[in-house]
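In the order they appear, the protein sequences are chains E and C.
Here the first sequence is numbered in the numbering used here, starting from 1 and rising by one per residue.
Here the second sequence is numbered in the numbering used here, starting from 1001 and rising by one per residue.
Number of protein chains: 2
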Amino acid sequence: MALIVHKYGGTSMGSTERIRNVAKRVAKWARAGHQMVVVPSAMSGETNRLLGLAKELSPEIASDGVLRELDMIASTGEQVSVGLLSIALQAEGLQAVSYAGWQVPIATDSSYTKARIQSIDDKRVRADLAAGKVVVITGFQGVDDKGNITTLGRGGSDTSAVAVAAAMKADECLIYTDVDGVYTTDPRIVPEARRLHTVSFEEMLEMASLGSKVLQIRSVEFAGKYRVPTRVLSSFTPWDIDLAEEAKSGTLITFEEDEKMEQAVVAGIAFNRDEAKITVAGVPDKPGIAFQILGPVAEANIDVDVIIQNVSHDGKTDFSFTVHRNDYARTVDLLKNKVLQQMGAKEVTGDNKICKVSIVGIGMRSHVGVAAKMFRCLSEEGINIQMITTSEIKTSVVIDEKYMELAVRALHKAFDLEQQPA
Amino acid sequence: MALIVHKYGGTSMGSTERIRNVAKRVAKWARAGHQMVVVPSAMSGETNRLLGLAKELSPEIASDGVLRELDMIASTGEQVSVGLLSIALQAEGLQAVSYAGWQVPIATDSSYTKARIQSIDDKRVRADLAAGKVVVITGFQGVDDKGNITTLGRGGSDTSAVAVAAAMKADECLIYTDVDGVYTTDPRIVPEARRLHTVSFEEMLEMASLGSKVLQIRSVEFAGKYRVPTRVLSSFTPWDIDLAEEAKSGTLITFEEDEKMEQAVVAGIAFNRDEAKITVAGVPDKPGIAFQILGPVAEANIDVDVIIQNVSHDGKTDFSFTVHRNDYARTVDLLKNKVLQQMGAKEVTGDNKICKVSIVGIGMRSHVGVAAKMFRCLSEEGINIQMITTSEIKTSVVIDEKYMELAVRALHKAFDLEQQPA
Chain E
1 MALIVHKYGG
11 TSMGSTERIR
21 NVAKRVAKWA
31 RAGHQMVVVP
41 SAMSGETNRL
51 LGLAKELSPE
61 IASDGVLREL
71 DMIASTGEQV
81 SVGLLSIALQ
91 AEGLQAVSYA
101 GWQVPIATDS
111 SYTKARIQSI
121 DDKRVRADLA
131 AGKVVVITGF
141 QGVDDKGNIT
151 TLGRGGSDTS
161 AVAVAAAMKA
171 DECLIYTDVD
181 GVYTTDPRIV
191 PEARRLHTVS
201 FEEMLEMASL
211 GSKVLQIRSV
221 EFAGKYRVPT
231 RVLSSFTPWD
241 IDLAEEAKSG
251 TLITFEEDEK
261 MEQAVVAGIA
271 FNRDEAKITV
281 AGVPDKPGIA
291 FQILGPVAEA
301 NIDVDVIIQN
311 VSHDGKTDFS
321 FTVHRNDYAR
331 TVDLLKNKVL
341 QQMGAKEVTG
351 DNKICKVSIV
361 GIGMRSHVGV
371 AAKMFRCLSE
381 EGINIQMITT
391 SEIKTSVVID
401 EKYMELAVRA
411 LHKAFDLEQQ
421 PA
Chain C
1001 MALIVHKYGG
1011 TSMGSTERIR
1021 NVAKRVAKWA
1031 RAGHQMVVVP
1041 SAMSGETNRL
1051 LGLAKELSPE
1061 IASDGVLREL
1071 DMIASTGEQV
1081 SVGLLSIALQ
1091 AEGLQAVSYA
1101 GWQVPIATDS
1111 SYTKARIQSI
1121 DDKRVRADLA
1131 AGKVVVITGF
1141 QGVDDKGNIT
1151 TLGRGGSDTS
1161 AVAVAAAMKA
1171 DECLIYTDVD
1181 GVYTTDPRIV
1191 PEARRLHTVS
1201 FEEMLEMASL
1211 GSKVLQIRSV
1221 EFAGKYRVPT
1231 RVLSSFTPWD
1241 IDLAEEAKSG
1251 TLITFEEDEK
1261 MEQAVVAGIA
1271 FNRDEAKITV
1281 AGVPDKPGIA
1291 FQILGPVAEA
1301 NIDVDVIIQN
1311 VSHDGKTDFS
1321 FTVHRNDYAR
1331 TVDLLKNKVL
1341 QQMGAKEVTG
1351 DNKICKVSIV
1361 GIGMRSHVGV
1371 AAKMFRCLSE
1381 EGINIQMITT
1391 SEIKTSVVID
1401 EKYMELAVRA
1411 LHKAFDLEQQ
1421 PA
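Structural data, given as structure tokens:
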């Protein structure tokens, strides 16, 4: 008997018919003797519908007072889902009980619409499991120390599921999604893209953060931090397929380097066209400039991705970074109005027609020349590289967005990703 | 400066446009210097939509496990409403904050789908009011001592509003509805029906319990128990009508008998065609029969309204009562299968084509012959009376439902209700 966490996305919960199928799948696992915790998302379209109503009432959603109410409203989508799924499970003859985040409780900080989980009290859930119940917990949400409802941001249900699995030391967390696993890159761009049977936690982290969008990045961080065996698998298989077959489908995120894993140097090609780059040019090169520029950006709750500062000339340097494209105009305004004069920089420029393409692979650690091979490949395709950042297991370039597909296809081929590794 | 509670029904909250109008009306009161607490219902249609989804998954909703989930689901309708209204108030330039029942908290018992309020902790709300905020609280729901969400049953938002007003010793509770006050009877049946400027708490209690449906009965009980000045008024007046005019519109429920009130003997005619009558015939007349019959009925959570037991003949008596029409078949089954043989009664009969018509008036206390006048009036119309019950301030008869309109019209005229009292 194992303790298993299932997570189902909005598409799987999209109608009562689909919810019934989720219940049948969960029932199959429960009847096989497993203790089951299920974390469903809101029914597809529901979160957008709710936030749409809010937007009609207040196009301006920046204040903390409004953000608090948005969480109050948006969190109801998952609350409806857990109630419906619990009823469907009971109709299957199981005992089931649902909990909203505040009931577990799943404690978070108070950052409305993008809260972070701080702790999960599993006493109530554990007692229910011991009593033979399936426990259904809302994804996407928690409660702060003053009893306010918070949400974790888009895709937060993945994080909820993995965090619950971590808190309960679950044997495995199964994330049912509309893809059947993690691929070497997006098959819509490279038809030869191949599903990975396993992917290391570090690779998955890079793939997710670089825009592969299979899992929310924070869920992968949780999985890594607490070593939660997490599997991404398809929600489109029939609910009654053989359990043993289902249990080994999809892609398993692994943590042990000595585990038998595919030993390709590069595991996959990630890309992201949701970013924009911003450069503060002619910055006096003295201590503290990074903080002077990014401090106000962080205060405005704008997430920064790539950051580059190169060597200076004549005591001046250029400082570049990327933000989400939605934050582009706001960030440029902020820098022009608040930062530019104060630090005596020359100008703020930017471009929101860029994309980021990355090669990711734990094997890069021990293989020299991988980045060089990437640059040569792009050069052969005539693609100009605007920015470069590297880490131990990935190399990212920022290029003009119009070259994105070309770059991804060329790199996928250059690193032989369509071939199953030996 | 007064502390005022406003309650808005589902129709008033039916669209973002209407929610904006509610916000403007509340803002008008707040700007006049009042401390404002607002209790909105779910957007019209939302509760039915949610329960409809649940029903698709489980036509059988009797178990406690399912009822708990229904409350989990249904309570989200009001949670969305408070969030949206709070955002609309902020868009009007006010500070506003919303709370779900569990956040206040509004403590209830654990009777899912028909919970009763036990206590309301107003500390958090009071602190917000002192800080100049409008507080928006979900109607219809609370939380039990184990942290489970409960709902108060249909119309429960009225009760929530009055209970909050009672707990906070509000100066007045204004219930905005789709009628502009309490009438001598339903104007759809008697066009001459007249709006009452005031109605005594006891009369209102009888009017509501007898099916006038303006307010949920429990809200009137609360209003009476805690002497909450409660006003029923129209939500269809423009939001910007003069506040002084709005404040004295509708019908005020009064508690002091020496208050200047309309001194008609009969205040109004109530009626109800949602009931069915059941008779257990040939019951051995010995102590405990009422409990033997109604004990199992109460255990099955079936509400009983009128109860009649007349004198016995030959040691046998007939015991009659009425239940909601929806509970009719279930009650008859219960009595036939569990009660009949056990107590040696002859048979169980019933009729669900009945209605109840009542005259209600605090003036009846000191006026003899009021009931006699009612019976004469019905007799002149050729209407046979099946059951009679009386209290100090009302007399009810059960008659064939086909005579309902005729009876109501005849009684309205017989008691001169179309005339403004002197």
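Quick reminder that beta carbons are idealized off the backbone N, C-alpha and C, glycines included.
This one's a predicted model, so the numbers in the text were calculated from it and none came from an experiment.
Scanning T177/E, E192/E, R20/E for the CA closest to the CA of V408/E turns up E192/E.
Fewer than three pairs of CB atoms, one per stretch, sit closer than 8 Å, so the region 150–168 of chain E makes no contact with the region 58–65 of chain E. If you keep only unbroken alpha helix (DSSP H) runs of at least 4 residues inside the region 1103–1138 of chain C, you get 1123–1130.
Of all residues in the region 105–132 of chain E, none has a C-beta nearer than 7 Å to a C-beta of chain C. Q1292/C is not a Cβ neighbour of M1364/C, given a cutoff of 7 Å.
Residues S1312, G1315, K1316, T1317 of the same chain have their beta carbon placed closer than 7 Å to that of D1285/C, with the five preceding and five following residues left out of the count. Judged by DSSP in its simplified three-state form, Q1386/C adopts coil rather than helix or strand. Identification of chain E residues near V1037/C by a Cβ-Cβ cut-off of 9 Å yields none; the smallest Cβ-Cβ distance measures about 16 Å. In the three-state reduction of the DSSP assignment, I1393/C falls in the coil class.
According to the DSSP assignment, K1402/C belongs to no alpha helix (DSSP H), since it is labelled neither H nor E. Residue contact with chain C for I399/E: absent (no Cβ-Cβ distance below 7 Å to any residue of chain C).
Counting C-beta pairs with one atom in each stretch, the region 364–373 of chain E and the region 332–350 of chain E have fewer than three that are closer than 8 Å, which means they do not touch.
Residue state for P296/E is assigned as helix, using DSSP reduced to three classes.
If you check the CB distance, V5/E and V164/E come in under 7 Å. Here S12/E is not near S234/E, since their CB atoms are 7 Å or more apart. In its chain, beyond the 5 residues on either side, E1275, A1276, I1278, V1297, I1302, D1303, V1304, D1305, T1331 have a beta carbon closer than 8 Å to the beta carbon of V1323/C.
The alpha-carbon of V1136/C is positioned some 7 Å away from that of L1085/C.
At a Cβ-Cβ threshold of 7 Å, A42/E and S81/E count as neighbours. In summary, S391/E is exposed, with fewer than 16 beta-carbon neighbours lying within 10 Å of its beta-carbon over all protein chains present. Among the residues of chain C, none has a CB under 9 Å from the CB of S157/E; the nearest is roughly 16 Å distant. For G1315/C, not one C-beta of chain E is nearer than 7 Å to its own C-beta. Residue contact check for V1135/C against chain E: no CB pair falls below 7 Å.
Burial check for Q1419/C: the Cβ neighbour count within 10 Å stays below 16, so the residue is exposed. Taking a beta-carbon distance threshold of 7 Å, M72/E counts as an interface residue toward chain C. The beta carbons of R25/E and A88/E sit no closer together than 7 Å.
Taking 7 Å as the threshold, the shortest C-beta distance from L1053/C to chain E falls below it. The region 97–104 of chain E makes no contact with the region 63–72 of chain E, as fewer than three CB pairs between them are under 8 Å. Unbroken beta strand (DSSP E) runs of no fewer than 3 residues, entirely contained in the region 197–233 of chain E, are found at 198–200, following chain order. DSSP places T159/E inside the alpha helix (DSSP H), whose first and last residues are 156–167. Exposure of N337/E is indicated by the presence of fewer than 16 other C-beta atoms within 10 angstroms of its C-beta. Proximity to Y1008/C across R1231/C, G1033/C, A1281/C, V1199/C peaks at R1231/C, based on C-alpha coordinates. Contacts with chain C at 7 Å (Cβ-Cβ) include T16/E. Chain order gives the chain E residues near Q1079/C as M72, T76, where near means a beta carbon separation below 7 Å. With a cutoff of 7 Å on beta-carbon distance, L1252/C and T1198/C are scored as near each other.
With a cutoff of 7 Å on beta-carbon distance, M1072/C and G250/E are scored as not near each other. Counting every other CB atom within 10 Å of its CB across the protein chains shown gives G1045/C a total below 16, marking it as exposed.
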